[in-house]
Amino acid sequence: MPPCWPGPPGPWDRVIGTWVDEDTKGRGVATTYAWRFREHLVEITTKTAEEQTVAFMGRNAQNGDVFHFGATSNGGSSLGKWDIVDGDAVLSLGFTGGDGQQGGLRIRHRLEDENTMTVTIEAEEPIRFRMVRIAGKKIAAAKGDAAGGKHREGTFTEGATLLYIETVVRSFDADGN
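Here our numbering is used: the first residue of the sequence shown is 4, the next is one more, and so on.
This is the structure in structure tokens:
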């Protein structure tokens, strides 16, 4: 298996930071990836208008697998595994919504350049959106927008888009199906 992240520094270290959906500049989605324990555990925090998600990504010290677990403010939870596939970070995720409904999906993350990431929710009809990196004072504004005007410094990390899948799907579901 190719090296995956977290772990020793590599190309996916570049995801650390705050990312917002390109279309709404973070009013729809704002995600932050931050080292909780350098090179061992990444905290992923995502805010949307509907919910907040906190997740952790870490490496199993025995076999090197990269695991993922998280929970939403609406009572949902997720458990999954990260792999590198064709240079993309792919999360295979099982989830249970706050209403008890269960499901699974794969979310692919492709770094286009230092400040752009394409996220694809793999489905019969894939859902794709672009996330852009923000820096400096823009971070607080974007976090506030996605959180309904509220935010706490130091609690957001980029890449949490994976954790609030149900919310993302609802955001892009034009016909409500």
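Ideal Cβ positions, reconstructed from N, Cα and C, are used throughout, including at glycine.
- Burial check for Q65: the Cβ neighbour count within 10 Å stays below 16, so the residue is exposed.
- When the alpha-carbon of G67 is set against those of W85, N77, G20 and V57, the nearest one is in W85.
- A direct Cα-Cα distance of roughly 25 Å separates V57 from G90.
- Spatial neighbours of V23 in its own chain (CB-CB distance under 7 Å, excluding positions within 5 residues in sequence) are listed in chain order as G29, V32, A33, M134, V135, I137 and A145.
- Runs of the beta strand (DSSP E) lying entirely within the region 39-119 and spanning at least 3 residues, in chain order: 44-50, 55-62, 69-75, 80-88, 91-99 and 105-116.
- Look at V32 here: in three-state DSSP terms it is coil, with no helix or strand label.
- The Cβ atoms of E125 and R111 lie closer than 8 Å to each other.
- Taken through DSSP and simplified to helix, strand or coil, D24 comes out as strand.
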